[in-house]
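As structure tokens, the structure follows; a few thoughts come after it.
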Amino acid sequence: FVFAAALLLSLPSFSQEIRTVKESALTGTWKMEMDIARTVRRETQDEDALGRAIAKGVSGFIESITDALDIRFTFRKGGDLDIAVDFNSGSSDRKKEREYGKWMINKTGKLVIDGNGGNHVSFDGSDEWVMVNGALHPLQDDGTINREIRLVRIQPSAK
């Protein structure tokens, strides 16, 4: 029994701490991270070997593009949101865009992002976000957590 208990205590915890979003924990700057390889693995698990190989090649190309993207969300008190997109392809074609939106925390403690303040920002079914282990993840249309996209805090708001 002691051995089994020690083994269980030494295993990493796979539980996920889902918390309601609070304004005090939200304000500041967050960086978007995307796990394209995980998305491709999930979406192609039922494909044959050729389909998976093609998808893996395409995902490498997509990852090279997303690696060149730096997307930052700055949540401000009062519901204002700044979204900065910096695309640096390594050439002289560096592009920067800034968009504005609104955010709020709904009655169930989920973050709701409205990116309609600008011309290019669209969240397509990802307007509700939850806090999981300190990172923000969008909810998919069926209510499950999208683990391939997350916002990670890089700078708290200035006091």
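Counting from 23, one number per residue, gives the positions in the sequence shown under my numbering.
Just so it is clear, CB atoms sit at the ideal spot from N, CA and C, and this is done for glycine as well.
Source: prediction; values computed, not measured.
Put residue i into one of helix, strand or coil per three-state DSSP.
{"i": "E45", "result": "helix"}
{"i": "G147", "result": "Low per-residue confidence applies at G147: pLDDT is 47, beneath 50, and the placement is therefore not dependable, though the value from the model is reported in the following sentence. Coil at G147, not helix or strand."}
{"i": "H142", "result": "Because the pLDDT of H142 is 49, which lies under 50, any placement of that residue in the model is unreliable, and the question is left without a value."}
Please list, in chain order, all residues of the same chain as residue i whose beta carbon is under 7 Å from its beta carbon, the five residues on each side excluded.
{"i": "V174", "result": "W52, K53, E55, A157"}
{"i": "I167", "result": "V152, V154, H159, L161"}
{"i": "I176", "result": "T51, W52, K53"}
Please go through the same chain and pick out, in chain order, the residues whose beta-carbon is closer than 6 Å to the beta-carbon of residue i, but skip the five residues on each side of it.
{"i": "W151", "result": "L133, L158, P160"}
{"i": "K118", "result": "D108"}
{"i": "N128", "result": "V134"}
{"i": "R120", "result": "A106"}
{"i": "D92", "result": "D108"}
{"i": "R94", "result": "T51, K53, A106"}
{"i": "E45", "result": "none"}
{"i": "R169", "result": "none"}
Grab me the residues of residue i's own chain with a C-beta within less than 8 Å of its C-beta, minus the 5 sequence neighbours each way, in chain order.
{"i": "T49", "result": "F97, R98, K99, P178, S179"}
Are residue i and residue j closer than 8 Å when you measure CB to CB?
{"i": "M126", "j": "I40", "result": "no"}
{"i": "D149", "j": "I135", "result": "yes"}
{"i": "E131", "j": "T42", "result": "Per the sequence shown, the amino acid found at residue 131 is Gly instead of Glu. In contact: G131 and T42 (Cβ atoms closer than 8 Å)."}
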